[in-house]
Amino acid sequence: MRLRRILVPVIGTQTDEEVIGLACRLARQDNSEVYTINIIILKRDLPIDAEIEPEIQKAEDILARIESIAAKQNCRVDTDVLQAREVGPAIVNEATEREVDLILMGASYKMRFGEFSLGEVVPYVLKNAPCRVILCHQHLT
Numbered sequence: 003m004r005l006r007r008i009l010v011p012v013i014g015t016q017t018d019e020e021v022i023g024l025a026c027r028l029a030r031q032d033n034s035e036v037y038t039i040n041i042i043i044l045k046r047d048l049p050i051d052a053e054i055e056p057e058i059q060k061a062e063d064i065l066a067r068i069e070s071i072a073a074k075q076n077c078r079v080d081t082d083v084l085q086a087r088e089v090g091p092a093i094v095n096e097a098t099e100r101e102v103d104l105i106l107m108g109a110s111y112k113m114r115f116g117e118f119s120l121g122e123v124v125p126y127v128l129k130n131a132p133c134r135v136i137l138c139h140q141h142l143t
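So the sequence shown is residues 3 to 143, counted in this note's numbering.
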């Protein structure tokens with residue numbers, strides 16, 4: 003499997019560091035491009051292009067941290083802040099538009115009704131992605 007483009011959605015958790023590290027290692031093998039996105043969720047009563055400065059600043063801080071982690075591994079990443087109504091469709095749309103070969107996602111350990119849950123985003127991406135998906139599950143210590 004040759005990877006030309008890798009998409010890595012990040013949300014500002016500790017899992018992001020593991021995911022971007024893996025993306026950089028994979029990218030070096032095939033000289034791939036790595037795209038990292040952070041998605042700001044907008045409420046339905048706001049226009050899609052509304053500028054929510056605190057959220058934008060938070061997203062830019064997350065992406066700056068990701069760039070720093072990648073730089074330590076001699077890997078360059080392109081970053082982007084997206085605004086959307088829902089995360090899953092935004093990831094799939096971005097993957098389609100950029101024609102990526104792989105979506106590499108982190109997944110935090112979540113409990114719902116006393117059971118492990120992947121939430122809504124991961125199943126949506128797994129079902130609708132136009133490419134391969136690798137899921138990096140958060141390691142519990």
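Glycine included, C-beta positions come from ideal geometry on N, C-alpha and C.
| request: Below 6 Å CB to CB, which residues in the same chain sit around I43 once its five sequence neighbours on both sides are set aside? | output: none
| Bridge partners - E35, DSSP secondary structure assignment | R7
| query | So, do the region 61–74 and the region 99–115 have three or more beta carbon pairs nearer to each other than 8 Å? | reply | no
| said: Checking 8 Å against the spacing of the C-beta atoms, do V89 and V123 come in under that value? | reply: yes
| message | If you reduce the DSSP assignment to three classes, tell me which class K112 lands in. | response | strand
| So, R27 versus D103, is the Cβ gap smaller than 8 Å? | no
| query | Where does V12 fall in DSSP's three states? | reply | coil
| Would E99 pass as a contact of L84 if the rule is Cβ separation under 8 Å? | no
| query | If we ignore side chains and look at the alpha-carbon of each, how far apart do D32 and R134 end up? | reply | 16 Å
| In three-state terms, what does DSSP make of E101? | coil
| I105 beta carbon less than 8 Å from that of A131 | yes
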